[in-house]
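Engineer: 18 is the number of the first residue of the sequence shown in my numbering; add one for each residue after it. Note that the Cβ used here is the ideal one computed from N, Cα and C, for glycine as well. Would you mind keeping the following structure in view while I ask a few things?
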Amino acid sequence: MRVLVVEDDIPLATILERGLVEDGYAVDLAHRVVDAHHAALSNEYDVVVLDLGLPDGNGLDLCAELRAEGYVVPILMLTARDSLSDKVSGLDSGADDYLTKPFDYPELAARLRALIRRPADSRSPVFEVGELRLDPASRRVWLGAIVVPLTSREFSLLEYLMSRPTDVVSRTDLLEHVWDANYDGMSNVVDVHIANLRRKLAGPGGTATIETVRGAGYRLCADDTSRDEQNEGVE
Ligand code: CA
Numbered sequence: 018m019r020v021l022v023v024e025d026d027i028p029l030a031t032i033l034e035r036g037l038v039e040d041g042y043a044v045d046l047a048h049r050v051v052d053a054h055h056a057a058l059s060n061e062y063d064v065v066v067l068d069l070g071l072p073d074g075n076g077l078d079l080c081a082e083l084r085a086e087g088y089v090v091p092i093l094m095l096t097a098r099d100s101l102s103d104k105v106s107g108l109d110s111g112a113d114d115y116l117t118k119p120f121d122y123p124e125l126a127a128r129l130r131a132l133i134r135r136p137a138d139s140r141s142p143v144f145e146v147g148e149l150r151l152d153p154a155s156r157r158v159w160l161g162a163i164v165v166p167l168t169s170r171e172f173s174l175l176e177y178l179m180s181r182p183t184d185v186v187s188r189t190d191l192l193e194h195v196w197d198a199n200y201d202g203m204s205n206v207v208d209v210h211i212a213n214l215r216r217k218l219a220g221p222g223g224t225a226t227i228e229t230v231r232g233a234g235y236r237l238c239a240d241d242t243s244r245d246e247q248n249e250g251v252e
């Protein structure tokens, strides 16, 4: 999952970035309204963290402007004071939630998880496909009863695929949602990580398969629903 953090307080932005990266998010930072606006429209984010007071404008105005442009990505507003009018204005401007400074990182992380999960199914936090289960909160993955050790990037990749079961997800989509703007640029970076994931998910009890859909991307499905794309000599 990829998050845009708009915060001009550099030490705070750095703390948030560190925590989010540790939690497996791809993170882009913006410190001004103009950069945030550009980043939001150029990249595919799963959630935006938006500070209220920015050097070249106001987070409320940016939020309202983005919504007026049809921007639907969830936005968590950071407000400096525990002021009712700030909260009301934040929600009026189209923010989905707000958090009052100072806050603890775990609270921010929980709010983000809730926002990202909301559109799909707010009551089913654990993703399941076949025997494969993934818990975004504890960042653990199981095949049946066995824990599958994954790197942070593999986890993020699998989380994105599992959040869209049976959808075909393109390489571009995966790059946009799992890698940040500074990814190393290797053209086959997605394929390399998919190959590693496949190997780890192919163990005993592995009934979930990442299919290659020719010319389109990848699809995660339980084995019993596998289609024929794999027989077409792909890869
Ligand atoms: Ca600020």
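When the Cβ atoms of the segment 106–121 are set against those of the segment 88–97, are three or more pairs found closer than 8 Å?
Structural biologist: Touching, yes.
Engineer: Considering only heavy atoms of ligand 1, list every residue whose Cβ is less than 6 Å from one of them, following chain order.
Structural biologist: For ligand 1, the selected residues are ASP25, ASP26, ASP68, GLY70, LEU71.
Engineer: In chain order, which continuous runs of the alpha helix (DSSP H) of length 4 or greater are located wholly inside the segment 45–112?
Structural biologist: Listed in chain order, they are 50–59, 76–85, 101–109.
Engineer: Terminal residues of the continuous alpha helix (DSSP H) containing ARG181?
Structural biologist: Here residue 181 refers to the residue found at position 164 when the sequence shown is read from its first residue. Run containing ARG181: none; DSSP gives neither H nor E here.
Engineer: Which stretch, first to last residue, makes up the alpha helix (DSSP H) that contains ASP10?
Structural biologist: Lying before the first or after the last residue shown, residue 10 is absent from the chain, which here runs from 18 to 252.
Engineer: Quick check: what's the CA-CA separation for THR31 versus ARG49?
Structural biologist: As a first step, residue 31 is located in the sequence shown; it is residue number 14 there, counting from the start. As a first step, residue 49 is located in the sequence shown; it is residue number 32 there, counting from the start. Taking the straight line from one Cα to the other gives about 15 Å.
Engineer: According to DSSP, is TYR42 helix, strand or coil?
Structural biologist: The residue you call residue 42 lines up with position 25 of the sequence shown. If DSSP states are grouped into helix, strand and coil, TYR42 belongs with coil.
Engineer: Would you say ALA126 and ASP40 are within 8 Å of each other, going by their C-beta atoms?
Structural biologist: If you number the sequence shown from 1, residue 126 lands on position 109. If you number the sequence shown from 1, residue 40 lands on position 23. Contact flag set, yes.
Engineer: I need the boundaries of the beta strand (DSSP E) containing ASP114, first residue and last residue.
Structural biologist: In the sequence shown, counting from the first residue as 1, residue 114 sits at position 97. Taken as a continuous stretch (DSSP letters only), the beta strand (DSSP E) holding ASP114 covers 114–117.
Engineer: ALA57 and LEU83 - do their beta-carbons sit closer together than 8 Å?
Structural biologist: Here residue 83 corresponds to residue number 66 of the sequence shown, with the count starting at 1. Here residue 57 corresponds to residue number 40 of the sequence shown, with the count starting at 1. Yes, Cβ-Cβ distance for LEU83 and ALA57 is below 8 Å.
Engineer: In angstroms with no decimal places, state the Cα-to-Cα distance between ALA81 and VAL38.
Structural biologist: Taking the first residue of the sequence shown as position 1, residue 81 is located at position 64. Taking the first residue of the sequence shown as position 1, residue 38 is located at position 21. Using only the alpha carbons, I get a separation of about 28 Å.
Engineer: If you draw a straight line from the alpha carbon of PRO166 to that of SER180, how long is it in whole angstroms?
Structural biologist: Within the sequence shown, numbered from 1, the residue matching residue 166 stands at position 149. Within the sequence shown, numbered from 1, the residue matching residue 180 stands at position 163. Their Cα atoms are separated by approximately 19 Å.
Engineer: Can you name the residues that DSSP bridges to GLU228?
Structural biologist: If you number the sequence shown from 1, residue 228 lands on position 211. Per DSSP, ARG236.
Engineer: Do GLY111 and THR224 come within 8 Å of each other at the CB atom, strictly closer than that value?
Structural biologist: The residue given as residue 224 occupies position 207 in the sequence shown. The residue given as residue 111 occupies position 94 in the sequence shown. No, the Cβ-Cβ distance between THR224 and GLY111 is not below 8 Å.
Engineer: Nearest CA to the CA of ALA212: which residue from GLY232, VAL65, ASP240, LEU174?
Structural biologist: In the sequence shown, counting from the first residue as 1, residue 212 sits at position 195. Comparing Cα positions, the closest option is LEU174.
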